[in-house]
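J.: When we follow the working numbering, the leftmost residue of the sequence shown carries the number 6, and every step to the right adds one.
Note that beta-carbon positions come from the ideal geometry of N, C-alpha and C, so glycine has one too.
Small disclaimer: the values here were computed from a predicted structure and weren't measured.
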Amino acid sequence: MSFALHVDTPRWRAHLDAVAAETAGLVPVAKGNGYGLGLVRLAEEATRLGAAALAVGVAEEVAAVRPAYAGPVLVLTPWHPAYGDPPAADPQVVHTVSHTEAVDALPDGARVVVELATSMRRHGLAAGRWAARAGRLRRLTVEGLALHLPLASPGSYAEAQRLVADARAAGLPVPSVWVSHLTPAQTGMLADSLGLPVRLRTGTRLWLGDRGALRVRGTVLDVHRVQRGDRFGYRQRRAVAPGHLLVVSGGTAHGVGLEAPKAVRGLGARAKVAASGGLAVAGWARSPFTVAGAQRWFAEPPHMQVSMLLLPAGVTPPSVGEPVEAQVRMTTATFDRVVLG
Ligand SMILES: *Cc1c(COP(=O)(O)O)cnc(C)c1O
């Protein structure tokens with residue numbers, strides 16, 4: 006049996022609709038593993054929401070969102086001639102340019118957003134650097150400025166205002182602004198204060214903003230009773246106490262890893278687990294699986310498609326075939342199936 010994502014579709018869509026309703030200029034972001042849901046499903050939802058544009062991470066993903074989304078697709082990773090071949094000419098693709106070399110190398114008329122350097126320091130140039138290239142930029146179709154701001158930073162709104170003012174002062178064309186990681190309210194305020202369309206590129210808050218609509222389930226594949234000292238697994242560890250070994254679907258191929266989930270992330274929390282004399286002291290790790298109301302320990306590092314868990318004596322083991330809930334990081338998870346409920 007498989008490791009599956011179960012979507013409460015009416016609830017999930019109600020959340021998507023609510024985000025779309027409060028965000029004028031929403032640009033859904035569909036990239037990577039599609040936030041666990043898959044790129045095609047996200048592209049379909051972007052179409053259903055009537056999004057005026059969709060953003061993908063890399064140029065290769067444009068093909069993945071077609072034909073489910075037919076409108077303009079923004080590629081978030083900047084294009085640079087040194088990265089590889091020039092992109093195929095496509096009037097429905099908007100490129101991100103973050104280097105002057107890209108401006109020089111793109112074909113006439115290519116649609117672009119011009120990325121300004123922000124406090125992120127990931128990509129982008131200061132307005133003055135772009136202004137020095139204004140003549141070359143005029144060959145391209147500049148859709149607007151791109152601003153990638155840090156997550157939940159109190160200064161982001163003021164930073165966005167300042168950067169747009171810099172760009173205007175430098176004489177850059179600013180028909181619109183494409184931001185990341187402002188709130189919908191800040192986006193609206195920015196649009197009003199600038200008198201410009203402001204588009205908000207959003208992935209996590211949109212697709213994963215109502216986690217209750219998404220449930221991840223493995224399946225109990227096998228149950229073995231063990232006595233203290235019994236050996237098991239690839240590493241032939243010994244059971245430290247009597248109980249049961251559970252073999253559940255969900256392993257490294259699904260992104261089920263050894264990293265402690267959020268609940269025990271952070272030095273303080275880890276110290277507490279260690280101080281409580283928990284298994285962490287002996288190098289054991291808590292699994293993302295919940296069985297009989299508690300998050301269980303891995304019996305050994307997860308295998309490719311299954312994990313072995315420890316269930317202490319006194320807890321009635323589930324039966325073969327029963328579902329097991331798991332908390333996984335959706336941007337690194339791969340599911341055998343996505344079940345739409
Ligand atoms: C991935 C990405 C986003 C979306 O990020 P979320 O935190 O998932 O909303 C927005 N802008 C850029 C430039 C990105 O790379």
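Where PRO293 and ARG127 are concerned, what is the direct C-alpha to C-alpha distance, given to the nearest angstrom?
T.: Mapped onto the sequence shown, residue 293 falls at position 288. Mapped onto the sequence shown, residue 127 falls at position 122. Their backbone Cα atoms lie some 32 Å apart in a straight line.
J.: Would you kindly check if the distance between the Cβ of ALA338 and the Cβ of ASP13 is under 8 Å?
T.: Within the sequence shown, numbered from 1, the residue matching residue 13 stands at position 8. Within the sequence shown, numbered from 1, the residue matching residue 338 stands at position 333. Contact: no.
J.: On the three-state DSSP scale, how would you describe ARG334?
T.: Numbered from its first residue, the sequence shown carries residue 334 at position 329. DSSP places ARG334 in coil when its eight states are reduced to three.
J.: Once you ignore the five residues that flank GLY149 on each side, which residues in its own chain have a CB closer than 7 Å to its CB?
T.: Within the sequence shown, numbered from 1, the residue matching residue 149 stands at position 144. Apart from the 5 residues on each side of it in sequence, GLY149 sits with its Cβ closer than 7 Å to the Cβ of VAL118, VAL179, PRO180, SER181, VAL182 and TRP183 in its chain, given in chain order.
J.: Of all the beta strand (DSSP E) runs that stay within the bounds of the stretch 293-343, which reach a length of 3 or more residues?
T.: 299-303, 311-317 and 328-331
J.: Three or more C-beta pairs under 8 Å: does that hold for the stretch 52-71 against the stretch 17-31?
T.: yes
J.: Does the stretch 214-233 come close enough to the stretch 185-201 to have 3 or more Cβ pairs within less than 8 Å?
T.: no
J.: Just checking GLY214 against ligand 1 - is the residue's beta carbon closer than 7 Å to any of the ligand's heavy atoms?
T.: Numbered from its first residue, the sequence shown carries residue 214 at position 209. Outside the cutoff, so no.
J.: Classify PRO15 as helix, strand or coil using the three-state DSSP reduction.
T.: For the purposes of this step, residue 15 is taken as residue 10 along the sequence shown, with counting starting at 1. Helix at PRO15.
J.: Specify which residues have a beta carbon nearer than 5 Å to any heavy atom of ligand 1, listing them in chain order.
T.: Per the Cβ criterion, the list is VAL34, LEU81, HIS153, SER185, ARG206, THR207, GLY208 and THR209.
J.: Within 10 Å of its beta-carbon, does ALA157 have 16 or more other beta-carbons around it, so buried, or fewer, so exposed?
T.: The sequence position of residue 157 within the sequence shown is 152, counting from 1. Classification for ALA157: exposed.
J.: Identify, in the order they occur along the chain, each residue of the same chain with its Cβ nearer than 6 Å to the Cβ of THR105, setting aside the five sequence neighbours on each side.
T.: Looking up residue 105 in the sequence shown gives position 100. Cβ within range, chain order: ARG138.
J.: Which runs of the alpha helix (DSSP H) at least 4 residues long sit entirely within the stretch 69-123? Give them in chain order.
T.: Assignment of alpha helix (DSSP H) within the stretch 69-123, counting only whole runs of 4 or more residues, yields 105-110 in chain order.
J.: Could you pull out every residue in the same chain whose Cβ sits closer than 8 Å to the Cβ of GLU327, ignoring the five residues on either side in sequence?
T.: Start at 1 with the first residue of the sequence shown, and residue 327 comes out as number 322. The residues are THR224 and VAL225.
J.: Decide if TYR74 is buried, meaning its Cβ has at least 16 other Cβ atoms within 10 Å, or exposed.
T.: Sequence index remark: in the sequence shown, residue 74 carries index 69 (1-based). Buried: at least 16 other Cβ atoms inside 10 Å.
J.: Give the DSSP-derived three-state secondary structure of VAL182 in the structure shown.
T.: In the sequence shown, residue 182 corresponds to position 177, counting from 1. Here VAL182 sits in strand by DSSP.
J.: Mapping the DSSP letters down to three states, classify GLY62 as helix, strand or coil.
T.: Residue 62 sits at position 57 when you count from the first residue of the sequence shown. Here GLY62 sits in coil by DSSP.
J.: Select from GLY62, ARG144 and TRP17 the residue whose C-alpha is nearest the C-alpha of ASP109.
T.: Mapped onto the sequence shown, residue 109 falls at position 104. For ASP109, the nearest C-alpha among the options comes from ARG144.
J.: At the level of alpha carbons, what is the spacing between THR336 and GLY39?
T.: Mapped onto the sequence shown, residue 336 falls at position 331. Mapped onto the sequence shown, residue 39 falls at position 34. One C-alpha to the other measures close to 7 Å.
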